[in-house]
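Reviewing the structure listed below.
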């Protein structure tokens, strides 16, 4: 799966644009010029039912420059730059002018043969083709937009773009992989979600938060503390009885091991556990997403909880303390969590859980 993930060109995460005829489909021009960043949950759903679904966090930054030029930058969960692209738009068409991606200390510029990556018009298509070096051989990536549909997402109008995509080894003159994909854009917001196949499963990304670029830079410039670091003094409840097995710097992410750190009884049981213990009346005044970040120790104890809330416009809001405390009590219960395992050693790990709440009900759990 790692090989497949690397082969996916990084500009996938950046096809969020602002052609002049369709400005209403994206954030206002003033915000675009100042720059904004979208935070996405990127899910991998394996074809093999015996393998577990995995979720990563990715960030994509957007800025409208002079002369109808758009710069899009791609970041991982640690706010590390992984690639960037420059585009220009003309009427309803968007073209990639140049693209770079990073792997380790190496930065590679791809050769663009055909740059029309997106066309905001029905009965019209875009054709994008780039060449790049992989394992000392010349490869080619092709993305063909063959249809654009009108859609409605949570009452908001948008467009759904359909694609055929493929990888080719030019030196062997062979197609390595071909697949279907789609992307959805919401008016006034931008890229909302996207989906694509691989030989091993499916990839699905969904927007979780939209922030000014200044806020993203503030989070990225976090000093010496780890990106996911949680201040024990600001966490929910008492920390009595919770302790790390290792040092602060040794805390990993929940997905770094095998298995991941997880709710011991599994996601369906977590859903049932919440429904059994949560007073449903606490949900009636909240509309949006409520995320808990915490640490699962090597002993399977959860602590250092903090809560963050966002509305469905992906802006920060406040959740009622009674709801936060009730869920915190459920999640922090003894015996609920299993630690991650790295090289046969149980490790402390950062974890998160997001609840989507609408019309007084929990409609989804992430990851």
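Numbering (our numbering), first residue to last: 5 to 371.
C-beta: ideal position from N, C-alpha, C; glycine also.
Judging by CA-CA distance, which residue of the options is the nearest neighbour of residue i?
{"i": "residue 114", "options": "364, 175, 138", "result": "138"}
{"i": "residue 291", "options": "250, 343, 364, 164", "result": "364"}
{"i": "residue 62", "options": "308, 69, 86", "result": "86"}
{"i": "residue 101", "options": "150, 116, 353", "result": "116"}
{"i": "residue 79", "options": "107, 94, 73, 347", "result": "107"}
{"i": "residue 362", "options": "314, 219, 325, 330", "result": "314"}
{"i": "residue 39", "options": "77, 346, 56", "result": "77"}
{"i": "residue 182", "options": "144, 105, 326, 343", "result": "144"}
{"i": "residue 319", "options": "209, 215, 275", "result": "215"}
{"i": "residue 218", "options": "67, 249, 71, 331", "result": "67"}
{"i": "residue 141", "options": "131, 176, 127, 152", "result": "176"}
{"i": "residue 92", "options": "251, 186, 122", "result": "122"}
{"i": "residue 97", "options": "119, 90, 109", "result": "119"}
{"i": "residue 202", "options": "169, 190, 213, 189", "result": "169"}
{"i": "residue 152", "options": "185, 81, 99", "result": "185"}
Measure how close the beta-carbons of residue i and residue j come, nearest whole angstrom, since I'm counting them as under 8 angstroms.
{"i": "residue 316", "j": "residue 335", "result": "Going by Cβ atoms, the distance from residue 316 to residue 335 rounds to 23 angstroms, so no, they are not a contact pair."}
{"i": "residue 224", "j": "residue 83", "result": "4 angstroms"}
{"i": "residue 352", "j": "residue 254", "result": "7 angstroms"}
{"i": "residue 330", "j": "residue 283", "result": "7 angstroms"}
{"i": "residue 222", "j": "residue 369", "result": "So it is not a contact: roughly 29 angstroms between Cβ atoms."}
{"i": "residue 133", "j": "residue 146", "result": "5 angstroms"}
Is the separation between the beta-carbon of residue i and that of residue j shorter than 8 angstroms?
{"i": "residue 166", "j": "residue 42", "result": "no"}
{"i": "residue 3", "j": "residue 136", "result": "Nothing about residue 3 can be read from this structure; the chain reaches only from 5 to 371."}
{"i": "residue 246", "j": "residue 307", "result": "yes"}
{"i": "residue 50", "j": "residue 204", "result": "yes"}
State buried or exposed for residue i, treating a residue as buried only when at least 16 other CB atoms are found within 10 Å of its CB.
{"i": "residue 239", "result": "buried"}
{"i": "residue 263", "result": "exposed"}
{"i": "residue 172", "result": "buried"}
{"i": "residue 95", "result": "exposed"}
{"i": "residue 46", "result": "buried"}
{"i": "residue 288", "result": "exposed"}
{"i": "residue 346", "result": "exposed"}
{"i": "residue 195", "result": "buried"}
{"i": "residue 187", "result": "buried"}
{"i": "residue 273", "result": "exposed"}
{"i": "residue 371", "result": "buried"}
{"i": "residue 348", "result": "exposed"}
{"i": "residue 158", "result": "exposed"}
{"i": "residue 1", "result": "Since the first residue of the chain shown is 5 and the last is 371, residue 1 is not available in this structure."}
{"i": "residue 213", "result": "buried"}
{"i": "residue 72", "result": "exposed"}
{"i": "residue 174", "result": "exposed"}
{"i": "residue 156", "result": "exposed"}
{"i": "residue 250", "result": "exposed"}
{"i": "residue 109", "result": "exposed"}
Please report the straight-line C-alpha distance between residue i and residue j, rounded to a whole angstrom.
{"i": "residue 65", "j": "residue 360", "result": "24 angstroms"}
{"i": "residue 206", "j": "residue 29", "result": "26 angstroms"}
{"i": "residue 269", "j": "residue 322", "result": "30 angstroms"}
{"i": "residue 302", "j": "residue 58", "result": "20 angstroms"}
{"i": "residue 104", "j": "residue 326", "result": "47 angstroms"}
{"i": "residue 333", "j": "residue 285", "result": "16 angstroms"}
{"i": "residue 304", "j": "residue 150", "result": "49 angstroms"}
{"i": "residue 293", "j": "residue 178", "result": "45 angstroms"}
{"i": "residue 341", "j": "residue 197", "result": "30 angstroms"}
{"i": "residue 34", "j": "residue 74", "result": "13 angstroms"}
{"i": "residue 70", "j": "residue 54", "result": "50 angstroms"}
{"i": "residue 60", "j": "residue 208", "result": "11 angstroms"}
{"i": "residue 228", "j": "residue 199", "result": "Caution applies to residue 228, whose pLDDT of 46 falls short of 50 and renders its modelled position unreliable; the value that the coordinates give is listed next. Those two C-alpha atoms are separated by around 36 angstroms."}
{"i": "residue 252", "j": "residue 265", "result": "17 angstroms"}
{"i": "residue 243", "j": "residue 234", "result": "12 angstroms"}
{"i": "residue 344", "j": "residue 259", "result": "8 angstroms"}
{"i": "residue 162", "j": "residue 350", "result": "46 angstroms"}
{"i": "residue 296", "j": "residue 328", "result": "9 angstroms"}
{"i": "residue 248", "j": "residue 131", "result": "52 angstroms"}
{"i": "residue 125", "j": "residue 189", "result": "13 angstroms"}
{"i": "residue 127", "j": "residue 164", "result": "13 angstroms"}
{"i": "residue 37", "j": "residue 129", "result": "27 angstroms"}
{"i": "residue 52", "j": "residue 311", "result": "33 angstroms"}
{"i": "residue 280", "j": "residue 299", "result": "24 angstroms"}
{"i": "residue 237", "j": "residue 191", "result": "41 angstroms"}
{"i": "residue 275", "j": "residue 324", "result": "21 angstroms"}
{"i": "residue 89", "j": "residue 56", "result": "33 angstroms"}
{"i": "residue 366", "j": "residue 44", "result": "20 angstroms"}
{"i": "residue 241", "j": "residue 277", "result": "20 angstroms"}
{"i": "residue 337", "j": "residue 180", "result": "48 angstroms"}
{"i": "residue 48", "j": "residue 220", "result": "25 angstroms"}
Should residue i be listed as close to the ligand GDP, given that the test is whether its C-beta is under 7 angstroms from any heavy atom?
{"i": "residue 144", "result": "No copy of the ligand GDP occurs in the structure displayed, which carries no ligand at all."}
Say whether chain C places a C-beta atom closer than 8 angstroms to the C-beta of residue i.
{"i": "residue 129", "result": "The chain inventory of the structure shown lacks chain C, comprising one protein chain alone."}
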